[in-house]
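Okay, structure first, notes after.
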Amino acid sequence: MTVLLWNIACAGSPLTAASDADFPVVPVSKDVPKFRVETAAANLEIVWSIVFTTDGRMFFTERPGRVRVIENGKLRAAPFFVVPDVEPSGESGLMGMTLHPQFAKNHFVYLAYAYQDSAKQQRVRVARYRETGKTLTDAKTIIENIPAARYHSGTRLRFGPDGKLYITTGDATEQSQGQKLDTLAGKTLRLNDDGSIPTDNPFINQKDARPEIWTYGHRNAQGMDFQPETNLMFQTEHGPSVIDGVSLFKRTGGDEVNVVEKGKNYGWAKISHKTKREGMETPIIEYSPAVAPASGMFYRGNLFPGFKNNFLFGALKGEAIIRLVLDGRRIVSQDKLLEKQYGRIREIAEAPDGTIYFSTSNRDGRGSPTKEDDRILRIVPLADNQPEIEIK
């Protein structure tokens, strides 16, 4: 296992380039749990989101528009559901999925996907469905007309501890969108479970601001979860890349992990990398060169005590799972797990029994797929006398 050291960003004031003293080195962890990796499913296509039901089923999305299910350890051959109007172009398509907190009672499933509007413009819609055991039905639009493009379309879905639905959106390759409060692009949105707007959203009474907005100044956040001890929201966000022409910052990288809080401005495209500016938030950690963070979760289970309350995310370009050990919002240490062993890693999710699952994304046009890609793999504890190798 190869471990990389990265730099921590600290809080900001007027626009400056931070010194190295502002970004202390993050040490490598000394207590990485031992584990082995097993293949759960193979020959898939760009697995974007994985969720688990209380009865043990795994649902996952494939970016071309399919919802699939693994039940009793076996992948159903036929898709569970296919989104009929999905627009799977570039890096868009069927993306985020989440279950209602009361799924066991109401069987509500939420999907985020790209589509074309009547003017043939790409947009993102979040829709709610009812799961019947055989398919998804009773589609209800929660929110739509979110700006999208072939790249930078978001979209991660997650219910918070407050019971509200949080949605990350990309800037749709329009760098100015993140700072504009009259558009849904480049934001974190917060809604009630039926799509209505919570009365305590920060911009609900502000003229010329969209009331759905929770935070702004984002480029393309694709990972999101809430810290168990504090309920703080953590997000992973892609930094500038060659798709932008690197016109603002003249360099790539600048991937971020942010603590995301009500009403705050996370800087894009006014600041990036180690740049600071008054009234804008800097990340708790910044990655240059890029690792392309595509997911994010806090480990809550007991199967791996050494991972308890750690923040884990898949890195596409970094080809690894990155583990952050935290004390509140302070990073204590970090590691790169499984580096260069499975190619591009996108989603990471925890099963009810504490097993950790992750997906490869080697068929997304930027990877080098093997004959089994894409795959969903699981991380399980290493028993006595077992080798630390993959079991297929």
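All letters in the sequence shown, in the order written, are residues 44 to 435 by the numbering used here. Heads up, the beta-carbon is just placed ideally off N, CA and C, and yes, glycines get one too.
Within the region 210-262, complete alpha helix (DSSP H) segments of at least 4 residues are not found at all. When rounded, the separation of the alpha-carbon atoms in G357 and M340 is 9 Å. The bridge partners DSSP lists for F146 come to none. Each of E88, Y194 and V71 was checked against the Cα of K414, and the nearest Cα belongs to E88. Residue environment: K360 is assigned as buried (16 or more neighbouring CB atoms within 10 Å of its CB, all protein chains considered).
Runs of the beta strand (DSSP E) spanning 3 or more residues and lying entirely within the region 291-363 occur at 298-303, 328-330 and 354-358, in chain order. By alpha-carbon distance to G310, the top candidate from P336, Q218, V94 and D237 is Q218.
Secondary structure note for A155: its beta strand (DSSP E) is the uninterrupted segment F151 to Q159. Residue environment: V167 is assigned as buried (16 or more neighbouring CB atoms within 10 Å of its CB, all protein chains considered). Shown here for G266: same chain residues with a beta carbon closer than 7 Å to its own, the five before and five after excluded, namely R199, Q278, T279, P336, A337, S338, G339 and F356 in chain order.
Taking 8 Å as the cut-off, the beta carbon of A155 is found no closer than this to the beta carbon of I419. In the structure shown, S411 falls within a coil segment according to DSSP collapsed to helix, strand and coil. Here the region 311-320 does not lie against the region 362-377, with fewer than 3 beta-carbon pairs under 8 Å apart. Apart from sequence neighbours up to five positions away, the residues of its chain that approach T178 with a beta-carbon distance below 8 Å are F123 and F124, ordered along the chain.
DSSP places N188 inside the beta strand (DSSP E), whose first and last residues are L179 to P190.
With contacts defined by Cβ atoms closer than 8 Å, G99 and R193 do not form a contacting pair.
DSSP, reduced to helix, strand and coil, places S92 within a strand of the structure shown.
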